[in-house]
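Undergrad: Listed in order, the protein sequences are those of chains A and B.
Going left to right, the first sequence walks through residues 1 to 290 as the numbering used here numbers them.
Going left to right, the second sequence walks through residues 1 to 55 as the numbering used here numbers them.
Ideal placement from N, C-alpha and C gives every residue a C-beta, glycine not left out.
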Amino acid sequence: MSLEGLGRAEDHMHGARTLEAEADAIKDSLPAFESEWNKASVQLTALDKSARGRDWSHSTAAIRAISEAAQGRAIPLLEGARGFATATKPKDGLFYMGQAQGETAFAEFVSRLNAPRKVAPAPLRSLLPELEALQEKTNAAFQPPRSIDMHPRFIALNSTIKAARELDSSRAYAGALYQYLEAVRHFGMLDPAVPDAAKQASLRNALTEELKKVSAAKRDDSIAQVFLERAAGWLNKPDGAAPSPDEWRATQIVLQQVLPAYYAALKPAAPRQERASRTATLTLVRWPYT
Amino acid sequence: MTTKNSSLVPLVALCATAFFFTANVTASAQDAAAQTKAEIERLQQSLKDKPHRNP
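#1: Would the beta-carbon of I223(A) fall within 8 Å of that of A62(A)?
#2: Compute the beta-carbon to beta-carbon distance between F106(A) and G93(A), rounded to the nearest angstrom, for a pair I have assumed lies under 8 Å.
#3: With three or more C-beta pairs closer than 8 Å as the rule, is the segment 138 to 156 of chain A touching the segment 31 to 46 of chain A?
#4: Using a cut-off of 7 Å between C-beta atoms, extract the partners of N114(A) located in chain B.
#5: Check whether the Cβ atoms of Y180(A) and A156(A) lie closer than 8 Å to each other.
#6: Using DSSP's beta-bridge definition, name the partner residues of S169(A).
#7: Applying the 10 Å Cβ sphere with the 16-neighbour rule, what's the burial state of H12(A)?
#8: Within 8 Å (strictly less), CB to CB, does F109(A) reach chain B?
#9: Could you tell me whether any Cβ in chain A is nearer than 8 Å to the Cβ of E39(B)?
#10: Going by C-alpha to C-alpha distance, which of P90(A), R54(A), H14(A) and R8(A) sits closest to D24(A)?
#11: On the DSSP bridge assignment, give the partners of A120(A) in chain order.
#12: Is S2(A) close to chain B? Criterion is C-beta to C-beta, closer than 8 Å.
#13: If I follow the unbroken alpha helix (DSSP H) through A193(A), where does it start and stop?
#14: Assuming the contact rule is C-beta atoms closer than 8 Å, L3(A) and A69(A) should be a hit. Round their C-beta distance to whole Å, please.
#15: Report all residues from its chain with a CB closer than 6 Å to the CB of E247(A); omit the five preceding and five following residues, and keep chain order.
#16: If you drop the 5 nearest sequence neighbours on each side, which residues of the same chain put their C-beta closer than 7 Å to that of L128(A)?
#17: Quick one: list the residues of chain B neighbouring L47(A), beta-carbon separation under 9 Å, in chain order.
#18: If the criterion is Cβ atoms closer than 8 Å, does the pair E210(A) and L266(A) meet it?
#19: Measuring alpha carbon to alpha carbon, tell me which of A231(A), A115(A) and Y173(A) ends up nearest G72(A).
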């Protein structure tokens, strides 16, 4: 999806531009950084509040999801900027402060896209049970040697689950579903098996069929469509290049894990089982989106 | 951070190619696609007018 790529570009470009514009003025002065950060904080907090009141009743779920996910990254990035400025040097916070501004601008841009929903809305709901289950599976999978060999993937997986939970808790359910499915994809990528040639042919056919299915659906399945279009992009590059082994793996995961998770997430949640014993929750705080 | 900054140009190029690949056919999607294309072009022009320097 071009929108996803555009979001990454906006994020990085705002970060780089802010660093360029402010680095000379800030130098190594923490008070100077704090002054800029405070101004950004007032502005971004107000925009975040305003974003929460957006009316999505006429939008497709994918538009809402991409906007909510971007908006959901803004304030944690802003907080992270302050942390970096304090922990390393003031200039290091500027890039992340700019990213926060970029995410906010992108969320607003997406919310203004003219893509009205023309079919029945997707029945969005809280995904807390699914997110808790995925976190438990992730924790169980975090064992050597995989936890060492695939450490970056685990970081991406955990931060995506965290983002999904934050969106879910603020009732940004489209964004939460989008991030949950992204986390399902990351979890699937822990399996290193690459589909063989015969399997690749069947994946290509299955992808075509699933794309037709969501395009013809009487319900708004645009969030599923985002993942399917991503896979189509991996398999059909503009320059005709062959998909990489990782792209074949990811396509298989989209079709065999993400898509079933999507359809399950649109059904009512299964009743939660109460834990028999009391538990203590220990929260480890780390930089959320690296 | 340096790696992130230096990745801007290929990232925008990726957006553009992805855009042309995934453009949809319905009228409303075309509207959204046109808006997206305009934003991609705005970013590309911004990079062209003021190339990123790594401070």
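TA: Taking the geometry as given:
#1: Yes, these two residues count as a Cβ contact at 8 Å.
#2: In fact, because the Cβ distance is near 20 Å, the residues do not count as touching under 8 Å.
#3: As far as the Cβ criterion goes, the segment 31 to 46 of chain A does not touch the segment 138 to 156 of chain A, which means the pair count is below three.
#4: Chain B residues near N114(A): S28, D31, A32 and Q35.
#5: Taking 8 Å as the Cβ cut-off, Y180(A) and A156(A) do not qualify as a contacting pair.
#6: In DSSP, S169(A) forms no bridge with anything.
#7: Buried is the label assigned to H12(A), since at least 16 other Cβ atoms lie within 10 Å of its Cβ.
#8: It does; some Cβ of chain B falls within 8 Å.
#9: Yes, its Cβ sits closer than 8 Å to a Cβ of chain A.
#10: In terms of Cα proximity to D24(A), the closest of P90(A), R54(A), H14(A) and R8(A) is P90(A).
#11: Residue pairing of A120(A) in beta bridges, as defined by DSSP: R219(A).
#12: Among the residues facing chain B, S2(A) is included, as its CB has a counterpart in that chain under 8 Å away.
#13: DSSP places A193(A) in no alpha helix (DSSP H); its state is neither H nor E.
#14: 11 Å between Cβ atoms; not a contact.
#15: For E247(A), where only same-chain residues beyond five positions count, the Cβ hits under 6 Å are W234.
#16: Scanning its chain for C-beta atoms nearer than 7 Å, with the 5 sequence neighbours on each side dropped, one finds around L128(A) the residues D168, in chain order.
#17: The contacting residues do not exist; L47(A) stays about 18 Å from chain B at best.
#18: Taking the C-beta atoms as reference points, L266(A) is found no nearer than 8 Å to E210(A).
#19: Each of A231(A), A115(A) and Y173(A) was checked against the Cα of G72(A), and the nearest Cα belongs to Y173(A).
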